[in-house]
Structure formats: structure tokens, C-alpha cells
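Q: Quick one: the structure is below, and I'll ask about it shortly.
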Amino acid sequence: MVSMYDHSSNKLRTNGRLCMAAIDAIDRNILRLLRLNARLSNARLAEEVGLSPSACLRRIRLLEEAGVIRGYTALVDSGSSEDTIAVIINITLERQTEEHLDRFEAAVRKHPEIRECFLMTGGSDYLLRVEVGGAGEFEKIHKEILSTLPGVLRIHSSFSIRNVLATRIKGQR
40 MVSMYDHSSN KLRTNGRLCM AAIDAIDRNI LRLLRLNARL SNARLAEEVG LSPSACLRRI
100 RLLEEAGVIR GYTALVDSGS SEDTIAVIIN ITLERQTEEH LDRFEAAVRK HPEIRECFLM
160 TGGSDYLLRV EVGGAGEFEK IHKEILSTLP GVLRIHSSFS IRNVLATRIK GQR
């Protein structure tokens with residue numbers, strides 16, 4: 040592999056591709072601060088990392104172009120109160136063929152009650168997240184949705200106590 044610094048774009052390139060090795064301590068600090076609050080103004084972010092606003096904005100754009108920053112998102116309150124419980128569900132399928140995975144994923148997409156669905160490695164095939172008001176509501180979801188999903192061999196559910204990261208105080212680090 041041939042590495043070279045592209046002075047015209049301030050990017051480290053390896054065989055024409057952006058190289059993650061170009062990320063330094065300032066970039067890592069920018070990423071850390073954006074993870075905590077992606078709505079920080081560029082001026083405030085620049086001040087926090089010790090750069091001029093233009094240098095900070097240039098680094099952010101380079102991180103975006105390199106695919107390190109893939110996008111920005113909003114954490115939306117689902118209207119749920121503190122009484123809402125997140126349930127993490129591990130699903131094991133009977134078979135892990137492409138056809139079985141596709142059928143399962145298509146079925147999951149039809150149920151808005153399932154907030155997240157991740158294809159996993161390890162002990163289970165999928166990890167799902169639902170939010171419920173209590174055990175009775177989860178029983179209904181288990182009976183009417185989870186147990187009817189195609190190809191399900193095993194369902195293992197865990198009720199959360201508290202989402203530690205969702206309770207960040209504004210400006211807290």
C-alpha cells in the first residue's frame with residue numbers, strides 16, 4: 040500500500056482511498072463532542088477543541104467525506120413516560136439461510152411496535168427492542184407478534200431497568 044498526504048484536500052490517502060489513520064487527537068475530540076451534542080455550534084466546537092472555526096469546519100467536512108461521520112440524527116421522545124420499559128429480545132431462528140433471514144426481516148418491518156432490530160453474531164440471530172407500559176402489554180406483543188414471526192426457534196426477553204445514556208443532562212459530559 041502506498042500512502043500519501045494529499046495537500047490539496049488535507050486528506051491522507053492510501054491507494055486512492057481515505058485512510059482512517061489520519062484521525063488524530065483533535066479529530067477524536069471533535070467526534071466525542073459531536074456524539075454528546077451534534078447541535079453544538081461550529082464556533083463552540085472549535086473553542087472546545089482549540090481550533091479556529093474555519094479549521095474546525097474543515098476537519099468536520101473531511102470526517103464527513105471520509106465516511107467517519109455518516110450523518111446526524113435526533114433522539115426523539117416517543118411520548119413515553121418514565122413508566123415505559125424497554126424490552127430487549129434475543130431471537131434465534133430455526134435456520135440462518137438467506138431466505139429465512141429475509142422472511143424474518145420482512146415480517147419485522149411490518150410491526151411498528153418493534154423499535155429496533157439488529158442482525159447479530161454470537162448466541163442469537165437478532166436483537167430487537169420494544170417499549171411497553173408493563174408486563175401485560177409485553178405479553179400481548181409476545182403472543183401476537185413475536186411468537187408469530189416466521190422461523191423463530193427461541194425468544195429470550197430482558198426488561199431494562201434504566202437507559203443510562205438517554206438521561207444525559209444537557210451539556211453533561
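Quick note on the numbering used here: the sequence shown kicks off at 40 and runs consecutively. Even for Gly, the Cβ is constructed at its ideal location relative to N, Cα and C.
1) Spell out a yes or no on whether the segment 168–183 and the segment 150–157 are touching, meaning 3 or more CB-CB pairs, one atom from each, closer than 8 Å.
2) Name the two residues that bound the continuous alpha helix (DSSP H) containing H139.
3) Distance check for A174 and S163, CA to CA, integer angstroms please.
4) Which term fits L204, buried or exposed, when burial requires 16 or more other beta carbons within 10 angstroms of its beta carbon?
5) Label A113 either buried or exposed according to how many other C-beta atoms from any shown protein chain fall within 10 Å of its C-beta, with 16 as the threshold for buried.
6) So, with DSSP's three-state summary, where would you put R193?
7) Along the chain, where does the alpha helix (DSSP H) containing R83 start, and where does it finish?
8) Quick check on the DSSP output: the beta strand (DSSP E) that includes I128 runs from which residue to which?
9) L185 and I124: beta carbons closer than 8 Å?
10) DSSP on R154, reduced to helix/strand/coil?
11) Could you name the residues of the same chain whose beta carbon sits closer than 6 Å to that of R142, not counting the 5 residues immediately before and after it, in chain order?
12) Would you call L192 buried or exposed, if buried means 16 or more other Cβ atoms sit within 10 Å of its Cβ?
13) For E104, collect the residues of the same chain with a Cβ closer than 6 Å to its Cβ; drop the 5 residues on either side in sequence, then sort them by chain order.
14) Counting C-beta neighbours from all protein chains within 10 Å, is the total for D122 16 or more, i.e. buried, or is it exposed?
15) How far does the alpha helix (DSSP H) with R97 in it reach, from first residue to last?
16) Would you check whether the ligand SAM has a heavy atom nearer than 7 Å to the C-beta of T136?
A: For this structure:
1) yes
2) 137–148
3) 23 Å
4) exposed
5) exposed
6) strand
7) 81–88
8) 124–132
9) no
10) strand
11) P189
12) exposed
13) none
14) exposed
15) 92–104
16) Of ligands this structure carries none, so the ligand SAM is not represented either.
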